[in-house]
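Chains F and G, in that order, are what the protein sequence lines are.
Taking the numbering used here, the leading residue of the first sequence gets 1, the next gets one more, and so forth.
Taking the numbering used here, the leading residue of the second sequence gets 1001, the next gets one more, and so forth.
We put the beta carbon where it would ideally sit given N, CA and C, even for glycine.
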Amino acid sequence: MEQERQSDPLLAVEGVAVQRGGRPLLEGLNFLVGRGEVFSFVGMSGCGKSTLLRILLGMDRPAAGTVRLCGEDPAELLRKGGIAVPRTYGVLFQEGALWTSMTLLENVSLPIRSYAGLCEEDAADLAAFKLALVGLAGFENFYPNQISGGMARRAAIARAMALDPPLLFFDEPSTGLDPVTSRQLDELILQLRTCYGTAVVLVTHDLNSIRRVSDRVAFLDEESHSLLQIAPPEEIANQSPHRVVRDFFSVRSEPVTEGRRKMAKEST
Amino acid sequence: MWGSSESAPRVRLEGEGEGWRIVLEGDWRSGPLPSAREVLREWEDAPPSGAVAVEIFVKSWDSRLAAFLLRMREILAEMGVPLAFSRLPAGLGRLLALAGKNKKGEGKEIASDSAQHSASAASVLREWLSFVGELALGILHFLRKRMALGDFGTTLRQCGIESLPTVALVSFLTGTILGFIGAVQLAVFGAAIYVADLVAVAMAREMAPLMTAIVLTGRTGAAFSATLGSMRTGGEIDVLTTFGISPVPFLAVPRILALGLMAPLLCVFSVFVGIAGGMVVVLPMFHISAAQYINRTVSAVGVSAFCFGIGKSTIFALLIGTIACHSGMCCERSAAGVGRATTRAVVCSITALVVADAVCTVLANRLHI
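Below you can see the structure in the form of structure tokens.
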């Protein structure tokens, strides 16, 4: 896997620096994401995860360094537009970001109609198939405001994989979802990976989700402005040499009662 | 000493030589609070030579006391005098420690960030030029039928049929106002019949295009801006980009073209309704027959005046559409940003309409249209 990742990475990040409004957030980022891999970013709020994601998608340029998506500069890819973009990657934005004036079927079929060269009917069939894959068969004619948050994420996943890209980016997919729906979403991610061999880059705060789906986890540290560690989820959670990483994972996973006891102890 | 009443918050500055003290007493939950700077003014000329201790004997307090103490510590630090807290009520010490934990200056950094984000005139101009360029290319693609119709049909309905009642009401009333004012003035000279000319020319050349444009600004322009602003805030425009679909041709072009198509039609409708409005006022006032009124109207409004109004209406529609779409697509990513974008769209559109109207009138005058 490592060898394949090195020789043929889907996403290659070299020496990337991330800034927000001229303020440095992250520096010297280097990592590769291989085919079929689920790679997650974690870090404190405000450490630059979402800004980094925008850079990986080509929506912003890095302050330094290079990003390559399937060997192409993503910013250049977006500038040119066209089918190359959805053929390279798909994105699940926070809360789905479905087009609210369109039905779920129209949401999924728009990229298909735009690029796949299919007639209206075939495009609709393909979109319905994608919706069925994510468990939304029968909801084709619903509008985004008529379905739940979990269903909206599923529909957005169907739209993101409309043209079967080899790489999917998920920005906080489980935010605002209950644990059961969140688990179902994770299972869906794993199924898609198995069926299509799709690589997934996940930006999330949900540590349970990371443990369930990730092959490797990258920890972004706001204090040192760096990528502190990349490791499999169990290793990074339990054996990290960095205290901030251990604290992050232990705080997030400790039981509620333990958290309350700790706060009560601190306040006395 | 600040504060005199027993129940009001009181501050006493004490000490000379080695022992400097600030004593706080009274009820710090109610009544007007002292300003820390005002209290410390008496030490401004001769600051304490050593550390100052704060002693608190207050009956009750809230967060304002904590804020007051922190402010006092800041002012004394400016004078080079350290402040030590003693005898703090339960909870107040923890509150001060918690407030002290948060790094000073972080907010300023963020504020300076937002200042950097605020667009300069040059960047606004660049943004506008890029938008107009994309728009021009989008229109070309649209005309070559190489692009999806997007919201063209919906927008046609929204700014066409759905605007009819408002345009009808506004135009009718404009016609009646013009008719009434004209009738009163022209009747003095015994030229009441020329009210028909006045209403017809004013409606065809000026009022119909302008009133239609104002209705479209408030109805459709604001809706464009709010819709596109919400789409930007909700990430829907970003999604389009990640599908390789340029948002300007996809979202703005159908809207602007639909508006450009419907506005002249609404203008024609407005002219007729306005003339009818004038007629409703004038006929009963001066006992003129409808046939006479219509004859005068037809002879007063030439084809060129009619076309001039329609042309102006198209220009106004393109202006409204462009300004509203630009405003929505470039709005800040927040609910307040959408509100600001909508306000900006309406204000800029109406200003642009008046300016464009003035330019058109001067040009028409020069070209003898």
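Should residue i be flagged as near chain F, meaning a C-beta pair shorter than 8 Å?
i, result
"residue 1236 of chain G", "yes"
"residue 1105 of chain G", "The predicted position of residue 1105 of chain G is uncertain, since its pLDDT is 45 and thus under 50; a value taken from the coordinates is nonetheless stated next. No, no contact with chain F."
"residue 1131 of chain G", "no"
"residue 1275 of chain G", "no"
"residue 1221 of chain G", "no"
"residue 1189 of chain G", "no"
Return the CA-CA distance between residue i and residue j, expressed in angstroms with no decimal places.
i, j, result
"residue 60 of chain F", "residue 6 of chain F", "25 Å"
"residue 147 of chain F", "residue 1096 of chain G", "47 Å"
"residue 1061 of chain G", "residue 1071 of chain G", "16 Å"
"residue 105 of chain F", "residue 142 of chain F", "8 Å"
"residue 162 of chain F", "residue 133 of chain F", "11 Å"
"residue 1238 of chain G", "residue 1232 of chain G", "7 Å"
"residue 1075 of chain G", "residue 250 of chain F", "41 Å"
"residue 120 of chain F", "residue 113 of chain F", "7 Å"
"residue 1336 of chain G", "residue 99 of chain F", "21 Å"
"residue 35 of chain F", "residue 24 of chain F", "30 Å"
"residue 156 of chain F", "residue 1213 of chain G", "38 Å"
"residue 1040 of chain G", "residue 52 of chain F", "48 Å"
"residue 1258 of chain G", "residue 1289 of chain G", "39 Å"
"residue 1048 of chain G", "residue 1020 of chain G", "7 Å"
"residue 102 of chain F", "residue 191 of chain F", "27 Å"
"residue 1189 of chain G", "residue 1195 of chain G", "12 Å"
"residue 219 of chain F", "residue 175 of chain F", "19 Å"
"residue 1211 of chain G", "residue 1234 of chain G", "33 Å"
"residue 1369 of chain G", "residue 1275 of chain G", "21 Å"
Taking Cβ positions only, does residue i come closer than 8 Å to chain G?
i, result
"residue 25 of chain F", "no"
"residue 161 of chain F", "no"
"residue 19 of chain F", "no"
"residue 105 of chain F", "no"
"residue 226 of chain F", "no"
"residue 48 of chain F", "no"
Helix, strand or coil: which one does DSSP assign to residue i?
i, result
"residue 1164 of chain G", "helix"
"residue 1014 of chain G", "strand"
"residue 29 of chain F", "strand"
"residue 100 of chain F", "coil"
"residue 143 of chain F", "coil"
"residue 1022 of chain G", "strand"
"residue 247 of chain F", "helix"
"residue 1056 of chain G", "strand"
"residue 1191 of chain G", "coil"
"residue 1090 of chain G", "coil"
"residue 1245 of chain G", "coil"
"residue 24 of chain F", "strand"
"residue 1152 of chain G", "helix"
"residue 53 of chain F", "helix"
"residue 230 of chain F", "strand"
"residue 1046 of chain G", "coil"
"residue 171 of chain F", "strand"
"residue 198 of chain F", "coil"
"residue 1364 of chain G", "helix"
"residue 79 of chain F", "helix"
"residue 138 of chain F", "coil"
"residue 240 of chain F", "coil"
"residue 221 of chain F", "strand"
"residue 12 of chain F", "strand"
"residue 68 of chain F", "strand"
Could you work out which residue in the options is closest to residue i when comparing CA atoms only?
i, options, result
"residue 27 of chain F", "F:46, F:12, F:100 and F:63", "F:63"
"residue 169 of chain F", "F:108, F:81, F:189 and F:126", "F:189"
"residue 1220 of chain G", "G:1312, G:1289 and G:1328", "G:1328"
"residue 1032 of chain G", "G:1153, G:1022, G:1068 and G:1050", "G:1068"
"residue 1227 of chain G", "G:1155, G:1191, G:1024 and G:1041", "G:1155"
"residue 88 of chain F", "F:3, F:73 and F:96", "F:73"
"residue 1014 of chain G", "G:1043, G:1135 and G:1028", "G:1043"
"residue 1298 of chain G", "G:1308, G:1316 and G:1272", "G:1272"
"residue 1281 of chain G", "G:1306, G:1023 and G:1199", "G:1199"
"residue 1296 of chain G", "G:1193, G:1355, G:1277 and G:1246", "G:1193"
"residue 38 of chain F", "F:247, F:140, F:187 and F:199", "F:199"
"residue 1174 of chain G", "G:1350, G:1223, G:1331 and G:1277", "G:1277"
"residue 1133 of chain G", "G:1343, G:1262, G:1025 and G:1247", "G:1247"
Closer than 7 Å by C-beta to residue i: which residues in its own chain qualify, once you throw out the five before and the five after it? Chain order, please.
i, result
"residue 135 of chain F", "154"
"residue 1264 of chain G", "1310, 1313 and 1314"
"residue 1166 of chain G", "1215 and 1219"
Take residue i and list the residues in its own chain whose beta-carbon comes closer than 6 Å to its own, dropping the five residues that flank it on each side.
i, result
"residue 1326 of chain G", "1131"
"residue 1152 of chain G", "1254 and 1258"
"residue 1082 of chain G", "1051"
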